[in-house]
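Protein chains in written order, with the numbering used here: chain A, 8 to 153; chain B, 117 to 356; chain C, 63 to 278. Glycine residues also receive a C-beta, built at the ideal position from the N, C-alpha and C atoms. These numbers were taken from a predicted model, which means no experiment stands behind them. These notes are about the structure you will find just below.
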Amino acid sequence: MTSNHSILFEQDEPSSEQKDLVEISKKVCVEEINAILKEKKHQIATALKVCAHCTLCADSCFLYRSKEKVAEHMPSHKFITSIGVIYKKKGKVTMEELYEMRETLWKRCVLCTRCSCPLGINIPELLAIGRRILRSQGVYHSYSEN
Amino acid sequence: MSLYQIISGPMVWTSFLLFIAGTIFQIIKLYPFIKQSTTRLNAISYSSVNREKTTTANNKKIFTKKLFRHLPDFNSLIYKFAMLKYSLFGRYPLTIFVTTLFHLLLIFSPFMVLGHNILFESALGVSFPSLSSEFSTILTFIIILCCLYFLIRRLTVPLVKSITTSSDYIMLAIAAAPFLTGFMAHHQIFNYTVMLHLHILSGEIMLISIPFTKFIHMIYFIITRVVLMNNGLRIKELKI
Amino acid sequence: MIKIKEKTFNEIVDSIEGFKNILVLGCGGCASVCLGGGQKEVERLCVNLNIFFKSELSSRVAKGYTVERQCNITFIEETRSFIKDFDAVLSMACGAGAQYMAEIYPATPIFPAVNTIAIGIDREVGVYEEKCRACGDCVVGFTGGVCPVTRCAKGLFNGPCGGTNKGNCEISSNIPCAWVDIYNRLKSQDRLDNILKIRPVMEWQNQTQRTVIQNR
Chain A
8 MTSNHSILFE
18 QDEPSSEQKD
28 LVEISKKVCV
38 EEINAILKEK
48 KHQIATALKV
58 CAHCTLCADS
68 CFLYRSKEKV
78 AEHMPSHKFI
88 TSIGVIYKKK
98 GKVTMEELYE
108 MRETLWKRCV
118 LCTRCSCPLG
128 INIPELLAIG
138 RRILRSQGVY
148 HSYSEN
Chain B
117 MSLYQIISGP
127 MVWTSFLLFI
137 AGTIFQIIKL
147 YPFIKQSTTR
157 LNAISYSSVN
167 REKTTTANNK
177 KIFTKKLFRH
187 LPDFNSLIYK
197 FAMLKYSLFG
207 RYPLTIFVTT
217 LFHLLLIFSP
227 FMVLGHNILF
237 ESALGVSFPS
247 LSSEFSTILT
257 FIIILCCLYF
267 LIRRLTVPLV
277 KSITTSSDYI
287 MLAIAAAPFL
297 TGFMAHHQIF
307 NYTVMLHLHI
317 LSGEIMLISI
327 PFTKFIHMIY
337 FIITRVVLMN
347 NGLRIKELKI
Chain C
63 MIKIKEKTFN
73 EIVDSIEGFK
83 NILVLGCGGC
93 ASVCLGGGQK
103 EVERLCVNLN
113 IFFKSELSSR
123 VAKGYTVERQ
133 CNITFIEETR
143 SFIKDFDAVL
153 SMACGAGAQY
163 MAEIYPATPI
173 FPAVNTIAIG
183 IDREVGVYEE
193 KCRACGDCVV
203 GFTGGVCPVT
213 RCAKGLFNGP
223 CGGTNKGNCE
233 ISSNIPCAWV
243 DIYNRLKSQD
253 RLDNILKIRP
263 VMEWQNQTQR
273 TVIQNR
């Protein structure tokens with residue numbers, strides 16, 4: 008198995024039962040996260056470096072404009088608090104943090120890819136990397152929950 | 117050697133060298149990413165059938181009661197001006213205006229100051245057209261005002277506050293320092309020699325920090341905005 | 063959004079007969095919303111397939127992966143590094159996603175694990191109702207917000223047929239007649255004159271592949 012395959016999950020025995028109970032106590036696999044981070048290193052590092060925290064991207068997000076105009080819905084805030092945190096901690100995040108990021112990555116973003124950054128950062132792609140990392144740890148939004 | 121000789125001699129050359137070397141280093145560092153992105157985006161070339169023809173909705177006119185309707189001329193200047201409020205400029209007119217002004221002046225005004233041009237002339241044998249002392253003073257003052265605007269915005273607007281880190285304040289200070297000290301030195305507000313030393317030093321710090329700190333958006337802006345963004349699927353206009 | 067339904071397990075197993083390494087590729091978009099092909103469903107299908115392969119005493123193996131959307135190159139691209147290690151891909155996205163996968167990886171056989179059913183709405187979690195057939199020429203504005211193309215068994219554009227059976231369709235008394243609903247809706251809004259307008263027959267644009275280009 009090459010390093011790329013660490014992101015694939017392989018399940019031989021049924022484990023989805025009582026998954027919700029098990030999930031929060033599950034350990035985060037730092038190697039898996041770092042494999043993805045390494046692959047996308049340039050993109051994440053460049054974006055975090057280039058972002059001048061100007062907040063001009065806020066109004067390009069339809070969620071920001073249609074819901075309460077809070078900072079949590081601003082595209083730059085979304086990627087700084089999700090993928091930015093994972094990158095700065097070099098993958099050493101806890102499951103609780105990942106569950107908090109899940110709220111940001113799924114409930115506050117639909118990946119409509121319409122947000123625009125004056126400096127040209129591709130924010131949706133960064134958020135997609137964030138989702139990919141969370142998916143690799145088995146953290147994802149379930150549409151059957153509510 | 118006196119302090120003045122050091123900071124105005126070898127230090128200047130070192131900082132210029134570091135600036136150029138750092139810029140080249142950062143571009144080389146990003147090159148694999150640029151290449152990967154552009155080749156990936158070039159690979160997306162779907163068959164170039166004349167697709168637009170297959171999309172036209174059938175023009176049924178039965179619901180149109182009036183035959184001639186006054187439709188807005190979508191290419192007219194008035195219409196474009198009306199659509200301006202949906203652009204980035206229309207959303208944040210003051211911020212965009214201040215930002216544009218600030219960046220333009222930040223890059224070009226140092227080349228237009230008489231004192232700098234004399235130094236350029238003696239060091240390289242080239243000089244740029246100089247502005248009058250009064251006009252440069254006004255430009256410097258505008259830059260300081262812009263910096264103040266950014267500072268106030270960072271301190272008061274909750275949106276900006278939410279993602280502000282200490283590095284943002286340091287960046288702002290580094291950007292403002294050469295102009296502030298230059299302004300003070302020129303008008304001999306405080307101690308002239310101290311201010312001159314600080315002016316040279318802060319300018320050098322700014323030059324060195326461009327490729328290695330958040331100022332890197334000066335270099336990467338061109339790459340991310342022109343090379344990567346205009347090459348792919350992203351909507352090119354900054355219309356919100 | 064697009065609603066999909068998983069194929070029967072038998073059909074899925076039949077389609078991947080003879081392929082050793084199977085990639086079950088989920089889609090985090092509409093397929094995930096309608097509980098048809100998200101990460102959870104991918105995991106479940108992987109488990110089922112692996113149990114089946116073990117019972118067969120074969121060394122075949124199924125692995126799961128979920129991309130954000132299979133209808134966008136940006137999100138498919140992340141599978142490129144490992145797609146070559148698989149003999150076949152079971153796509154759990156809609157027909158569009160599966161076709162785009164096949165277009166991007168022409169060397170890899172793509173099999174759908176789901177049936178794309180409709181463009182619909184969510185009645186409740188797990189219950190979805192078709193509302194649109196994407197005919198490309200919307201008339202809902204003149205039919206009181208009831209789509210005759212989707213709702214009417216005959217797709218009639220101009221008024222009900224003779225088979226209206228006490229407010230129900232003639233093919234089954236359980237199906238409400240779309241045109242009765244249209245009449246009632248328009249009557250309650252006092253817009254009954256809309257029903258009198260004769261609309262020319264639909265130029266069925268489904269017959270050529272449609273491409274949407276937004277002018278902006």
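Report task. Using a Cβ-Cβ cut-off of less than 7 Å, list which residues of the region 262 to 283 of chain B approach chain A; keep chain order. Result -> Only P274, L275, V276, S278, I279 and T280 from the region 262 to 283 of chain B bring a Cβ to less than 7 Å from some Cβ of chain A.
Requested in this report: Report the rounded CA-to-CA distance for R341(B) versus G127(A), giving the unit in angstroms.
Outcome: One C-alpha to the other measures close to 4 Å.
Query raised in the report: According to the neighbour-count rule (16 or more other Cβ atoms, all chains shown, within 10 Å of its Cβ), is S121(C) buried or exposed?
Result: That one is exposed.
Requested in this report: Kindly say whether S153(C), judged by its beta-carbon, lies nearer than 8 Å to any beta-carbon of chain A.
Outcome: With 8 Å as the cut-off, S153(C) does not count as an interface residue toward chain A.
**Report entry** V95(C) versus V75(C) - alpha carbon distance
**Finding:** If I take the Cα positions, the gap works out to 25 Å.
Requested in this report: Determine the burial state of S164(B): buried for a count of at least 16 other Cβ atoms within 10 Å of its Cβ, exposed for fewer.
Outcome: The predicted model places S164(B) with a pLDDT of 42, which falls under 50 and marks its position as unreliable; any figure quoted below should be read in that light. Result: exposed.
Query - Residue-chain proximity (C285(B), chain A), Cβ-Cβ < 8 Å - result: Before going on, a small fix: residue 285(B) reads as Tyr here, not Cys. False, the Cβ-Cβ gap to chain A never drops below 8 Å.
Query raised in the report: Residues of chain A with CB under 7 Å from Q281(C), in chain order?
Result: Lying before the first or after the last residue shown, residue 281(C) is absent from chain C, which here runs from 63 to 278.
Report task. Consult DSSP for P245(B) and reduce its assignment to one of helix, strand or coil. Result -> Assignment of P245(B) by DSSP, reduced to helix, strand and coil, places it in the coil class.
Query raised in the report: Using Cβ-Cβ distances below 9 Å, what residues of the region 75 to 104 of chain A are close to chain B?
Result: The residues in question are K76, V77, A78, E79, M81, S83, H84, I87 and T88.
Query raised in the report: With a CB to CB cut of under 8 Å and the five nearest residues on each side skipped, what residues in its chain are close to I90(A)?
Result: Here the set comprises I51, L133, L134, I136, G137 and I140.
**Report entry** Own chain partners of K74(A) with C-beta closer than 7 Å, once the 5 adjacent residues on each side are dropped
**Finding:** Apart from the 5 residues on each side of it in sequence, K74(A) sits with its Cβ closer than 7 Å to the Cβ of H80 in its chain, given in chain order.
Query raised in the report: Under a CB-based cut-off of 8 Å, is V29(A) close to chain B?
Result: Since pLDDT at V29(A) reaches only 49, below the 50 mark, its modelled position is unreliable, and the value read off the structure follows with that caveat. So no, V29(A) is outside the interface.
Query raised in the report: Between the region 259 to 278 of chain B and the region 288 to 297 of chain B, are three or more C-beta pairs nearer than 8 Å?
Result: Touching, yes, given that three or more Cβ pairs across the two stretches are closer than 8 Å.
**Report entry** Inter-residue Cα distance where the pair is C124(A) and L217(B)
**Finding:** So the alpha carbons of these two residues sit roughly 19 Å apart.
Requested in this report: List the residues of chain B that V117(A) touches, going by C-beta distances under 8 Å, in chain order.
Outcome: Taking a Cβ-Cβ cut-off of 8 Å, V117(A) has no neighbours in chain B, whose nearest Cβ is about 16 Å from it.
Report task. Measure the beta-carbon distance from I332(B) to Q142(B) and round it to whole angstroms, keeping in mind my assumption that it falls under 8 Å. Result -> Going by Cβ atoms, the distance from I332(B) to Q142(B) rounds to 6 Å, so yes, they are a contact pair.
Query raised in the report: Under the DSSP definition of a beta bridge, which residues are partnered with Y190(C)?
Result: DSSP output for Y190(C) lists D184(C) as bridge partner(s).
Query raised in the report: Would you say L126(A) reaches chain B, if we count a Cβ-Cβ gap shorter than 8 Å as a contact?
Result: Output row for L126(A): interface = yes.
**Report entry** Neighbour-count burial assignment, P76(B), 16 or more Cβ in a 10 Å radius
**Finding:** Given a span of 117 to 356 for chain B in the structure shown, any question on residue 76(B) remains unanswerable.
Query raised in the report: What did DSSP end up calling T205(C) once you bin it into helix, strand or coil?
Result: Here T205(C) sits in coil by DSSP.
**Report entry** Residue-level contact to chain D via CB, K114(A), 8 Å cutoff
**Finding:** Absent from the structure is chain D; the protein chains it does hold are A, B and C.
Report task. Go ahead and label F71(C) buried or exposed: buried means 16 or more other beta carbons lie within 10 angstroms of its beta carbon, across all protein chains shown. Result -> Residue environment for F71(C): exposed (fewer than 16 other C-beta atoms within 10 angstroms of its C-beta).
**Report entry** Under 8 Å by beta carbon: chain C residues contacting E132(A)
**Finding:** Per Cβ cutoff of 8 Å: T136.
Requested in this report: Compare the C-beta of H333(B) against all C-beta atoms of chain A and say whether one is closer than 8 Å.
Outcome: Using a Cβ-Cβ cut-off of 8 Å, H333(B) counts as an interface residue toward chain A, since at least one Cβ of chain A sits closer than that to its own.
Query raised in the report: Just the Cα atoms here: how many angstroms apart are I135(C) and M163(C)?
Result: If I take the Cα positions, the gap works out to 9 Å.
**Report entry** Buried versus exposed call for R72(A) [16 or more other C-beta atoms within 10 Å across all chains shown]
**Finding:** By the neighbour-count criterion, in which a residue is buried when 16 or more other Cβ atoms sit within 10 angstroms of its Cβ, R72(A) is exposed.
Query - Helix, strand or coil at T120(A) [DSSP, three-state] - result: Coil at T120(A), not helix or strand.
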